[in-house]
Amino acid sequence: MAADGTLASVFLEEGILTPEELDRALAMRNDVSEDIGEFLVRVGMLSERDRVRCVGLQHGIPFVEITQDMLDPEVAKLIPHSMALRYKALPVERRQDTLKVAMANPLDVQAVDDIAKATGLEPIPLIAVEDAILEGIFHCFGAAGDISDIIVEAIKDADAEVKIREDEPEEEEHVADLKDLAGGAPVVRLVNALIARAIAERASDIHVEPEAGRVRVRLRVDGILHEVMSIPKDLQSPVISRIKVMAGMDVAERRSPQDGRITLVARPQEYDFRISTYPAIHGENVVIRVLEKSAAQITLDKLGMQPEVAEEFARIVASPYGMILACGPTGAGKTTTLYAALNMINSVERNIITIEDPVEYQLNGVIQANVNRKAGLTFATGLRTIVRQDPDVILVGEIRDSETAEIAVEAALTGHLVLSTLHANDSAGAVARLIDMQVEPFLVASSIVGLLSQRLVRTVCPRCAAPFVPDRELLSKLNLGISVDDLEGARKGRGCEQCARTGYKGRSGIFEILKMNDDIRAAVIERSSAATIRQIAIAHGMRTLRDDALQKVKDGLTTIEEVIRVTTE
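Those letters in the sequence shown? Residues 414 to 982, by the working numbering.
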């Protein structure tokens, strides 16, 4: 344990930081309530592994590095799958009446007590990195847990609770019956198990899709949809009703689309779930977006930006005024990038206000608001009000129409830094998109300081990655501008348990940054095509999306197949 009991003193004793580095870090920390370890990780001065290890030293709790060799499914399953996920706890060793348990938060007395009751053993808490614990849980329990058993139980429960007459139209089904059935234990367990599986597999979206004879469930993992289970048609109404009850939706309304939200705590992490229903021919289609709240603290280095790209983007974000646009399709990570930018410039000296649809992550020290069309709060009306709130920085969730575009440009030209997203294929195309929205070219040229285009590529699974040499003939046909000799560091995943046999685990951003200069401004004012503007930017050293993606192939982070899937030239 540290001499004075503080985490900062442990960093000094372990030689992780020098006194000068610690003083500089403390001076940088605007929010004194933020944990010093978490702050140092956020700004890149400390690794998560070192932070967790030092927290253990501070409290006298042993640190454990979870490896595949130490995982024993029989020992792990001494506690239920749901408990392991809830407490981020993984039993790793049993000795007589004691049980060593790797935990993300070993100071959680309630968690330790619950594990003792569930096992009848004396838990010995160890501290470990949360991601390693979650990977261990996935390895030992699998993603499905006991979902098959839950479905069987739910079917029996549904048969016992509700009998719908064959001649009774589905629309007339009683709301009270639906609510009662949705709250029944088997259905609750089924929905909870589905959500737990999505979290365990790092899914970004859950799709519940009614078909003629079944309900298909798919998860979007690393940008790709995978079918994970099939729910019997008899459970369609109770499962969807349970989700709607959790999200505060109208259970009786099944002919109109609805939106809702659920916040769940899976200790020590908190998740937001955005629910959207769509009335299809076989019943309501439900899509659940999974949002991990800790993602709000994302930093530029964790987005996958190459150091030189991150430096360029940081310089643009440091501009005192002007407009910065993040471009790309839905799900490309644009909003996350803008949040990383806000985290970088967020300070007590700046007034930062946002208008979003919806607010995906809550940021400390930032005034955030949701679009509410029923109340008359749109991007345009919200932006008009924001400029009267004495802002320094404004984030607009998306520029969708001419009115919002014009107000955003005016704000950028009157001393505000405006960040927003725009649906455009690339950074140069964003200029043409704004002009299509009736914004005068000279205003576009004067207001924009930088355009960022991005996509997400799947990254090679680190566990099963192996060196890979592409076929020379195929590489030549693809016309990527590189040779086999350029790809000495290329790797490809062979497929393993951790990556569900896909060879990929996780995603990384690829980026291109178009920084405005006199030549590009002149081209914009002349209404030059997006292709011309792009060529001028490349001539001035712009690194394209494909260039950035190919660099990740050379570094062994992704594959040629991903480059072709995600980028075009």
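For each residue, glycine too, the CB sits at the ideal point set by N, CA and C. Predicted model, so just to flag it, every value in this text is computed and none were measured.
Asked: Local Cβ density within 10 Å of R920, reported as buried at 16 or more and exposed below that; Found: buried
Asked: Selection from R655, K657 and L547 that minimises the alpha carbon distance to I612; Found: L547
Asked: Those residues which DSSP pairs with D618 across a bridge; Found: R633 and R702
Asked: DSSP-derived helix/strand/coil call for M662; Found: coil
Asked: Residue span of the beta strand (DSSP E) that contains C912, given as start and end; Found: That residue, C912, is in no beta strand (DSSP E); it is neither H nor E in DSSP.
Asked: Minimum C-alpha distance to D434 - residue among S422, D444 and L498; Found: Just to set this straight, residue 434 is Glu in the shown sequence, not Asp. When only C-alpha atoms are compared, the closest one is S422.
Asked: Three-state secondary structure (DSSP) of V522; Found: helix
Asked: Element boundaries [alpha helix (DSSP H), containing P854]; Found: P854 to S860
Asked: Contacting residues, own chain, Cβ-Cβ under 7 Å from V730 (five flanking each side not counted); Found: I737, A754, M757 and I758
Asked: Neighbour-count burial assignment, S889, 16 or more Cβ in a 10 Å radius; Found: exposed
Asked: Residue from D618, V664 and I675 with nearest C-alpha to P692; Found: V664
Asked: Buried versus exposed call for M441 [16 or more other C-beta atoms within 10 Å across all chains shown]; Found: exposed
Asked: Where Y752 falls: helix, strand or coil (DSSP); Found: helix
Asked: Assigned exposure category for L520 - 16 Cβ within 10 Å defines buried; Found: exposed
Asked: CB-CB length for I675 against M659, believed under 8 Å; Found: 5 Å
Asked: Rounded separation between A545 and C874 - CA only; Found: 14 Å
Asked: Limits of the unbroken beta strand (DSSP E) element including A502; Found: A502 to R508
Asked: L958 to A936 span [Cα, whole Å]; Found: 22 Å
Asked: Cβ pair A843, V831 closer than 8 Å; Found: no
Asked: L716 and D685 closer than 8 Å at C-beta; Found: no
Asked: C-beta atoms of P854 and I848 nearer than 8 Å; Found: yes
Asked: Identified DSSP bridge partners for P1026; Found: Since the first residue shown for the chain is 414 and the last is 982, residue 1026 is missing from the structure and cannot be characterised.
Asked: C-alpha distance - E683 paired with A952, whole-angstrom precision; Found: 46 Å
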